[in-house]
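Participant: I'd like to ask you about the structure that follows.
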Amino acid sequence: MSEPDVLRILGKNVGLGQSAKVSFNVAKLHTQNTIDVPVIIERSKKPGPVVLITAGIHGDEVNGVEIVRQIISKGLNKPKRGTIICIPVINVFGFIHLNREFPDGRDLNRVFPGTSAGSLASRVANKLVNEILPHADLVLDFHTGGANRFNAAQIRIIKDDPYLDELANVFGAPFVLYSKNLSKSFRKTCFKSGIPILLFEGGKSSYIDNSITNTAVNGTKRVLHHLNMLGRNFKVSQPKKPCIHLLDSKWIRAKYSGMFKATISINSEVTKGDILGSITDPYGSFNHFVKAPNNGYIFNINESPIIYQGDAIFHISTKVKP
Numbered sequence: 011m012s013e014p015d016v017l018r019i020l021g022k023n024v025g026l027g028q029s030a031k032v033s034f035n036v037a038k039l040h041t042q043n044t045i046d047v048p049v050i051i052e053r054s055k056k057p058g059p060v061v062l063i064t065a066g067i068h069g070d071e072v073n074g075v076e077i078v079r080q081i082i083s084k085g086l087n088k089p090k091r092g093t094i095i096c097i098p099v100i101n102v103f104g105f106i107h108l109n110r111e112f113p114d115g116r117d118l119n120r121v122f123p124g125t126s127a128g129s130l131a132s133r134v135a136n137k138l139v140n141e142i143l144p145h146a147d148l149v150l151d152f153h154t155g156g157a158n159r160f161n162a163a164q165i166r167i168i169k170d171d172p173y174l175d176e177l178a179n180v181f182g183a184p185f186v187l188y189s190k191n192l193s194k195s196f197r198k199t200c201f202k203s204g205i206p207i208l209l210f211e212g213g214k215s216s217y218i219d220n221s222i223t224n225t226a227v228n229g230t231k232r233v234l235h236h237l238n239m240l241g242r243n244f245k246v247s248q249p250k251k252p253c254i255h256l257l258d259s260k261w262i263r264a265k266y267s268g269m270f271k272a273t274i275s276i277n278s279e280v281t282k283g284d285i286l287g288s289i290t291d292p293y294g295s296f297n298h299f300v301k302a303p304n305n306g307y308i309f310n311i312n313e314s315p316i317i318y319q320g321d322a323i324f325h326i327s328t329k330v331k332p
């Protein structure tokens, strides 16, 4: 895509070398108070790629919001060429109450590309897809695990896309997880639009983890440096270890209800039969050890102290790219 001299976004013209903060408004609160979703645009005088950086599609995923906040506060979003568009909180309605969904009960990440006459979530998706996404050459979208499940820092991409493989390796998260694009998700819509997207997962909902945040911010710096967009004042660190590419995985589910405690750490490589945690009862009469069903890496752990039979408690890789 050839970057225009003047970028018209949400009714505002932004020229090369200019900065702008525009509002992404779709609806008011029931009290008639307006809700502004800030869209922060930074353009270099030198043309180049347009990178869209988003978070908060789910309102309770505050770690993603913190990542984009740091990208802005550190000035990483001021490119030496091209344009960077940041939307730190897309679902500001949910963010106010730390709810995953919109007030209409819908999951924004299951209604894309949306419609202009649909539900509230559908209208937000539609406006994002039609008025902002077409400008982007690359999307970096930040998420966390949900329901007390802590995700290892990971990039999720589809298989057999050399450019996404390249960018995922540049980002340098501990894991690259190959997964299908879910129907009606933002990632699926980007794919259909021909716009490459790196989806970052790390941490859990309603929680900010410094290690996860640092991994994501450093990964963003590497990608921007790779695109020759990172400002000259920033240093780029190399990942401590090469990315591990997870080709397939499965959830380990609780065989019993009870009090749960993981004894293995996130990111750990385990061997079949290793003890990962235990399920007990409040009365000290029952203790069940959860064991690894196969060799692999643990990249998600349920941190809820109380679980029920069938709950997902560990995500383990079953096949790793050589």
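Per my numbering, the sequence shown starts with residue 11, numbered consecutively. Backbone N, C-alpha and C define an ideal beta-carbon position, used for all residues, glycine too.
Closest to Ser216 by CA distance: which of Lys260, Gly69, Val49, Glu13 is it?
Facilitator: Gly69
Participant: Please return the same chain residues whose Cβ sits closer than 6 Å to the Cβ of Asn161, not counting the five positions on each side in sequence.
Facilitator: Taking C-beta separations shorter than 6 Å and ignoring five residues to either side along the sequence, the partners of Asn161 in its chain run Gly155, Glu211, Gly212, Asn310, following chain order.
Participant: With DSSP collapsed to three states, give me the class of Asn361.
Facilitator: Nothing about residue 361 can be read from this structure; the chain reaches only from 11 to 332.
Participant: Could you check which residue in Pro14, Gly182, Ala163, Ile94 has the C-alpha nearest to that of Asn220?
Facilitator: Ala163
Participant: Which of the three DSSP states is assigned to Asp258 in this structure?
Facilitator: strand
Participant: By DSSP, does Gly212 sit in helix, in strand, or in coil?
Facilitator: strand
Participant: Taking the alpha helix (DSSP H) that Ala135 belongs to, which residues open and close that run?
Facilitator: Here the alpha helix (DSSP H) through Ala135 covers 130 to 141.
Participant: Would you give the residue range spanned by the alpha helix (DSSP H) that Tyr173 belongs to?
Facilitator: 172 to 181
Participant: Tell me which residues share the same chain as Gly27 and place their Cβ nearer than 7 Å to its Cβ, disregarding the 5 neighbours each side in the sequence.
Facilitator: Result list for Gly27: Arg53, Ser54, Lys55, in chain order.
Participant: Helix, strand or coil: how does DSSP classify His40 here?
Facilitator: coil
Participant: Are the beta-carbon atoms of Ala131 and Leu118 separated by less than 7 Å?
Facilitator: yes
Participant: By DSSP, does Lys331 sit in helix, in strand, or in coil?
Facilitator: When DSSP states are grouped into helix, strand and coil, Lys331 belongs to the coil group.
Participant: At what residues does the alpha helix (DSSP H) containing Thr273 begin and finish?
Facilitator: Run containing Thr273: none; DSSP gives neither H nor E here.
Participant: At the level of alpha carbons, what is the spacing between Leu62 and His255?
Facilitator: Distance between the alpha carbons of Leu62 and His255: 25 Å.
Participant: Identify the continuous alpha helix (DSSP H) that holds Ser83 and give its terminal residues.
Facilitator: 72 to 83
Participant: Could you compute how far the alpha carbon of Ile323 sits from the alpha carbon of Gly283?
Facilitator: Our two residues, Ile323 and Gly283, have alpha carbons roughly 16 Å apart in a direct line.
Participant: Just to confirm, is the Cβ distance from Leu148 to Pro206 under 7 Å?
Facilitator: Cβ atoms of Leu148 and Pro206: closer than 7 Å.
Participant: Count the other CB atoms within 10 Å of the CB of Tyr318; is the residue buried (16 or more) or exposed (fewer)?
Facilitator: exposed
Participant: On a Cα-Cα basis, can you pick out the residue from Val180, Asn191, Leu108 that is closest to His236?
Facilitator: Val180
Participant: Could you give the first and the last residue of the continuous beta strand (DSSP E) run that contains Lys22?
Facilitator: 22 to 25
Participant: Under DSSP, the alpha helix (DSSP H) around Thr199 begins and ends at which residues?
Facilitator: 196 to 202
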